[in-house]
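Protein chains in written order, with numbering that gives the first Met the number 0: chain A, 0 to 243; chain B, 0 to 227; chain C, 0 to 231.
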Amino acid sequence: MAINKDSNAYTLTFAIIMVVIVGTILALLSVSLKPMQKKNAKVKMKMDILSAMMSTDEKNDLNRGNTEAKFDELIQIEKALVLDMTGAIRSEISGKAVLDVNIRKERRDKTLAEVDKNYPLFIGKKNGETMYVIPVVGNGLWGPIWGNVSLGEDLKTIKGASFGHKGETPGLGAEITQGFFIDRWIGEEISVAGEAVKFEVVKNGSGSDQTKVDGITGGTITSVGVQEMVNRCMKPYVEYFKTL
Amino acid sequence: MESTLDIFVKAIFSENMIFAYFLGMCSYLAVSKTVKTAVGLGAAVIFVLVVTVPVNYLLENYMLKEGALAWLDPSLADLDLSFLAFIMFIAVVASIVQLVEMLVEKFAPALYGALGIFLPLIAVNCSILGGALFMQDRQYSTILDATAFSLGSGIGWFIAIVAIAAIREKIRYSHVPAPLRGLGITFIITGLMGIAFMSFSGIKYGKEVKEDKVAVVVTGMNTNTVNK
Amino acid sequence: MSETAKTKAPMEPLFSKKNRKLVTDPLTDNNPVTIQVLGICSALAITVQVEQGVVMGAAVLFVLVLGNLIISLMRNLIPSRIRIIVQLVVVAALVIIVNQVLMAFLPDVSEKLSVFVGLIITNCIIMGRFEAFAMANKPWPSVMDGLGNALGYAGLLILVAVFRELFGSGSLYGFPIFGSPIPTPDSPLGTGLYAMGYMNNNMMILPPMALVIVGVIIWVQRSRNKDLVESH
Numbered sequence: 000m001a002i003n004k005d006s007n008a009y010t011l012t013f014a015i016i017m018v019v020i021v022g023t024i025l026a027l028l029s030v031s032l033k034p035m036q037k038k039n040a041k042v043k044m045k046m047d048i049l050s051a052m053m054s055t056d057e058k059n060d061l062n063r064g065n066t067e068a069k070f071d072e073l074i075q076i077e078k079a080l081v082l083d084m085t086g087a088i089r090s091e092i093s094g095k096a097v098l099d100v101n102i103r104k105e106r107r108d109k110t111l112a113e114v115d116k117n118y119p120l121f122i123g124k125k126n127g128e129t130m131y132v133i134p135v136v137g138n139g140l141w142g143p144i145w146g147n148v149s150l151g152e153d154l155k156t157i158k159g160a161s162f163g164h165k166g167e168t169p170g171l172g173a174e175i176t177q178g179f180f181i182d183r184w185i186g187e188e189i190s191v192a193g194e195a196v197k198f199e200v201v202k203n204g205s206g207s208d209q210t211k212v213d214g215i216t217g218g219t220i221t222s223v224g225v226q227e228m229v230n231r232c233m234k235p236y237v238e239y240f241k242t243l
Numbered sequence: 000m001e002s003t004l005d006i007f008v009k010a011i012f013s014e015n016m017i018f019a020y021f022l023g024m025c026s027y028l029a030v031s032k033t034v035k036t037a038v039g040l041g042a043a044v045i046f047v048l049v050v051t052v053p054v055n056y057l058l059e060n061y062m063l064k065e066g067a068l069a070w071l072d073p074s075l076a077d078l079d080l081s082f083l084a085f086i087m088f089i090a091v092v093a094s095i096v097q098l099v100e101m102l103v104e105k106f107a108p109a110l111y112g113a114l115g116i117f118l119p120l121i122a123v124n125c126s127i128l129g130g131a132l133f134m135q136d137r138q139y140s141t142i143l144d145a146t147a148f149s150l151g152s153g154i155g156w157f158i159a160i161v162a163i164a165a166i167r168e169k170i171r172y173s174h175v176p177a178p179l180r181g182l183g184i185t186f187i188i189t190g191l192m193g194i195a196f197m198s199f200s201g202i203k204y205g206k207e208v209k210e211d212k213v214a215v216v217v218t219g220m221n222t223n224t225v226n227k
Numbered sequence: 000m001s002e003t004a005k006t007k008a009p010m011e012p013l014f015s016k017k018n019r020k021l022v023t024d025p026l027t028d029n030n031p032v033t034i035q036v037l038g039i040c041s042a043l044a045i046t047v048q049v050e051q052g053v054v055m056g057a058a059v060l061f062v063l064v065l066g067n068l069i070i071s072l073m074r075n076l077i078p079s080r081i082r083i084i085v086q087l088v089v090v091a092a093l094v095i096i097v098n099q100v101l102m103a104f105l106p107d108v109s110e111k112l113s114v115f116v117g118l119i120i121t122n123c124i125i126m127g128r129f130e131a132f133a134m135a136n137k138p139w140p141s142v143m144d145g146l147g148n149a150l151g152y153a154g155l156l157i158l159v160a161v162f163r164e165l166f167g168s169g170s171l172y173g174f175p176i177f178g179s180p181i182p183t184p185d186s187p188l189g190t191g192l193y194a195m196g197y198m199n200n201n202m203m204i205l206p207p208m209a210l211v212i213v214g215v216i217i218w219v220q221r222s223r224n225k226d227l228v229e230s231h
């Protein structure tokens with residue numbers, strides 16, 4: 000039984016069967032795995048928030064398994080809130096719902112007006128000291144970068160940070176996730192006399208000033224991206240802290 | 000935000016498909032022996048990029064993106080088909096290339112004579128799918144921006160392949176060490192061209208003018224720190 | 000794997016000389032990157048660190064071996080007019096499946112891989128081997144061919160990455176080799192070799208150096224094997 004493989008009917012049938020099979024497999028897979036993927040993403044988000052409050056050693060101990068427990072222990076989720084760009088509290092979102100705010104997605108969404116963007120704030124307690132964790136998002140050289148910055152009880156001194164990126168140059172821009180770069184941010188203050196300061200990422204070794212942070216050699220654009228991200232995202236929070 | 004012109008210029012120079020991302024390298028190396036064929040393939044790449052990226056843009060924004068189907072029916076707003084993106088993009092590229100090939104053959108036999116043999120090569124050219132993926136990743140706000148990006152990328156690719164072909168034609172008369180002849184020297188020259196193209200990354204694009212007026216201090220040779 | 004078990008039927012022994020050659024050839028004299036000029040796009044973009052090279056190599060190995068097997072099993076069914084599209088769909092579907100599964104079960108690996116997913120689909124080695132080998136050969140040789148080519152590709156990737164990471168970042172697979180360049184209070188230049196004034200060559204990290212290194216590897220390879228020298 001010879002089938003004419005070059006006939007239109009055969010080509011079309013083959014194409015349709017293939018599309019149906021591939022489509023079914025992919026759709027099934029996607030639907031069945033979606034809940035797990037969403038859960039993984041949420042755990043990752045919690046990990047990022049937690050690591051902003053932690054020292055390098057503690058960060059190394061953090062893994063996907065113990066994140067949920069640690070998060071419940073350190074973060075007072077019922078106190079979490081969302082600000083708008085002027086620093087006023089958005090009362091309609093608070094507590095657990097704050098975790099559903101996706102600022103990375105909001106930044107990419109060009110149809111969303113600036114005034115509608117959300118600025119979440121997480122409040123945690125570590126070793127008896129209250130810490131404020133602020134998520135930030137910006138642009139690096141190749142794609143988005145993001146992170147979390149934690150402030151101490153004085154509402155201005157940076158106590159810790161964690162940064163992440165999608166695809167910065169390994170060895171250069173990608174170094175923003177490394178401990179040595181994060182350490183350069185610790186101890187800096189985000190406001191002077193209640194007004195937001197502007198950080199500058201400068202050449203290696205000259206960042207001793209309060210508003211200057213050493214950049215990464217060769218990772219200039221990513222370092223400046225972090226600077227822009229922190230400067231821009233801190234504004235609403237500084238406004239909010241004034242009212243406390 | 001970036002203007003359309005910024006996107007266009009950036010795509011040609013500082014984010015050149017070949018020199019910054021190495022996309023479409025395979026055909027770049029294979030079809031760059033003479034300037035004539037290089038011009039043919041380069042033109043075909045521009046053409047296909049300009050056609051496929053806007054089509055994929057519409058597909059992405061009205062079908063694949065999470066909530067993109069809301070225009071059909073509000074109840075579909077939760078549907079997320081983004082896992083299909085790769086397969087859709089590649090299907091669009093392959094079928095448009097096939098379609099273009101047939102149309103060109105029928106209506107412009109002269110053009111077909113010049114471009115024809117390159118069209119099948121293009122379906123598997125990484126720069127075409129790369130263009131679609133970059134478009135998806137960068138979330139251009141209008142179809143105009145996406146088209147400007149695709150045109151710029153195509154032109155950048157064209158410049159790269161024509162330049163290397165011209166160099167390869169001349170280098171035939173040089174005493175290249177035998178083992179390095181052909182592929183080896185082409186790699187090294189492309190590397191050197193890439194270094195030259197990197198100087199374009201210093202172009203300052205007019206973005207975020209209104210945001211900050213504080214001098215941006217660069218971690219380079221000349222640092223002018225402005226004290227606040 | 001049950002699929003490969005089925006192919007054990009052919010008379011020829013599984014690891015006959017011919018089949019072994021399919022694996023070993025692409026490692027050296029028929030290397031997909033340096034000789035066949037395939038898969039260069041991704042070879043260059045991700046060779047800054049050895050780890051990335053390893054991850055990419057493993058991903059390509061998986062997709063190429065499985066893809067070659069599938070295409071080879073279907074080779075008598077695929078209509079020739081749409082074979083390129085069929086091949087593309089197979090690659091894309093495989094890559095999506097891998098990515099989705101990793102995202103659900105091994106999220107950390109998936110994060111590392113996410114950047115490369117697009118690169119795997121556009122990797123010409125995969126399409127090239129489908130078209131040149133799997134379309135015309137039985138499943139088992141196709142698997143061997145996929146294995147060989149993927150290993151040859153991964154090997155080159157790792158070789159280039161070793162040079163770039165060692166001289167560009169002073170480390171190998173993330174472990175510092177030359178000490179640390181980060182200034183400490185007692186030694187402003189860092190520790191180890193850096194304290195003596197050694198500096199990383201940032202040039203190595205930049206994309207164009209990957210091309211130059213591949214060029215040099217081709218040079219070395221062809222001066223050892225004169226048969227590979229091109230006339231022009």
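Glycine is no exception: its CB is placed at the ideal position from the N, C-alpha and C atoms.
Using the Cα positions of residue i and residue j, report the straight-line distance between them to the nearest angstrom.
{"i": "I45 (chain C)", "j": "F21 (chain B)", "result": "10 Å"}
{"i": "G137 (chain A)", "j": "G146 (chain A)", "result": "9 Å"}
{"i": "D77 (chain B)", "j": "A96 (chain A)", "result": "18 Å"}
{"i": "P9 (chain C)", "j": "G23 (chain B)", "result": "Low per-residue confidence applies at P9 (chain C): pLDDT is 46, beneath 50, and the placement is therefore not dependable enough to give any value."}
{"i": "K78 (chain A)", "j": "G64 (chain A)", "result": "24 Å"}
{"i": "P140 (chain C)", "j": "L21 (chain C)", "result": "7 Å"}
{"i": "K32 (chain B)", "j": "A153 (chain C)", "result": "28 Å"}
{"i": "A209 (chain C)", "j": "E152 (chain A)", "result": "48 Å"}
{"i": "F166 (chain C)", "j": "M53 (chain A)", "result": "32 Å"}
{"i": "V142 (chain C)", "j": "E168 (chain B)", "result": "40 Å"}
{"i": "L227 (chain C)", "j": "L98 (chain A)", "result": "59 Å"}
{"i": "A92 (chain C)", "j": "L27 (chain A)", "result": "13 Å"}
Once you ignore the five residues that flank residue i on each side, which residues in its own chain have a CB closer than 6 Å to its CB?
{"i": "M134 (chain C)", "result": "R74"}
{"i": "L80 (chain B)", "result": "L63"}
Please decide whether residue i counts as near chain E, where near means a Cβ-Cβ distance under 7 Å.
{"i": "I95 (chain C)", "result": "Looking at the structure shown, chain E is missing, and the protein chains on hand are A, B and C."}
First and last residue of the beta strand (DSSP E) that includes residue i?
{"i": "M198 (chain C)", "result": "Where M198 (chain C) is concerned, there is no enclosing beta strand (DSSP E), given that its DSSP letter is neither H nor E."}
{"i": "R89 (chain A)", "result": "I88 to S93"}
{"i": "S161 (chain A)", "result": "I157 to H164"}
{"i": "W145 (chain A)", "result": "P143 to L150"}
{"i": "K16 (chain C)", "result": "First-last for K16 (chain C): K16 to T23, but that is the alpha helix (DSSP H), not the beta strand (DSSP E)."}
{"i": "V201 (chain A)", "result": "E199 to V201"}
{"i": "M138 (chain A)", "result": "It should be noted that the sequence gives Asn, not Met, for residue 138 (chain A). Where N138 (chain A) is concerned, the enclosing beta strand (DSSP E) stretches over E128 to N138."}
I need the boundaries of the alpha helix (DSSP H) containing residue i, first residue and last residue.
{"i": "Y20 (chain B)", "result": "M16 to Y20"}
{"i": "K111 (chain C)", "result": "P106 to L112"}
{"i": "T185 (chain B)", "result": "L182 to M197"}
{"i": "N230 (chain A)", "result": "T219 to K241"}
{"i": "F129 (chain C)", "result": "C123 to A131"}
{"i": "I119 (chain C)", "result": "V116 to I120"}
{"i": "F148 (chain B)", "result": "I142 to I170"}
In its own chain, which residues sit with a C-beta less than 7 Å from the C-beta of residue i, not counting the 5 before and 5 after it?
{"i": "S26 (chain B)", "result": "L40, L120 and N124"}
{"i": "K116 (chain A)", "result": "M84 and E105"}
Please check the pair residue i and residue j, which I expect to be a contact at CB under 8 Å, by giving their CB distance rounded to whole angstroms.
{"i": "M50 (chain A)", "j": "K41 (chain A)", "result": "Rather than Met, the amino acid found at residue 50 (chain A) in this sequence is Ser. Contact doesn't hold; Cβ gap of about 15 Å is too wide."}
{"i": "V200 (chain A)", "j": "Q226 (chain A)", "result": "4 Å"}
{"i": "V212 (chain A)", "j": "E187 (chain A)", "result": "6 Å"}
{"i": "L243 (chain A)", "j": "L154 (chain A)", "result": "7 Å"}
Among residues of its own chain, excluding the 5 on either side of residue i, which ones have a beta-carbon nearer than 8 Å to its beta-carbon?
{"i": "E72 (chain A)", "result": "none"}
{"i": "I204 (chain C)", "result": "V47, R163, G167 and S168"}
Query raised in the report: So does the segment 146-158 of chain B actually touch the segment 9-21 of chain B, counting three or more Cβ pairs closer than 8 Å?
Result: Yes, the segment 146-158 of chain B touches the segment 9-21 of chain B.
Query raised in the report: Counting Cβ pairs closer than 8 Å, one from the segment 81-99 of chain B and one from the segment 226-233 of chain A, do we hit at least three?
Result: no
**Report entry** Stretch pair the segment 50-59 of chain B + the segment 93-102 of chain B: three plus CB contacts closer than 8 Å
**Finding:** In the pairwise beta carbon analysis, the segment 50-59 of chain B is classified as touching the segment 93-102 of chain B: at least three pairs are separated by under 8 Å.
Query raised in the report: On the three-pair Cβ rule with 8 Å, is the segment 159-175 of chain C touching the segment 73-91 of chain C?
Result: no
Report task. Determine, using beta-carbon pairs with one atom in the segment 122-134 of chain A and one in the segment 152-162 of chain A, whether at least three such pairs fall under 8 Å. Result -> yes
Report task. State whether the segment 172-181 of chain B contacts the segment 187-202 of chain C, with contact taken as three or more CB pairs (one from each stretch) at a distance under 8 Å. Result -> no
Report task. Specify whether the segment 100-113 of chain B and the segment 92-103 of chain C touch according to this definition: at least 3 beta carbon pairs, one from each stretch, less than 8 Å apart. Result -> no
Query raised in the report: Would you call the segment 142-158 of chain C and the segment 57-66 of chain C touching, i.e. three or more CB-CB distances under 8 Å?
Result: Touching, per the Cβ criterion.
Query raised in the report: Between the segment 107-124 of chain A and the segment 17-32 of chain A, are three or more C-beta pairs nearer than 8 Å?
Result: no
Query raised in the report: Three or more C-beta pairs closer than 8 Å, one from the segment 180-199 of chain B and one from the segment 205-222 of chain C: is that the case here?
Result: Flag = yes, the segment 180-199 of chain B and the segment 205-222 of chain C touch.
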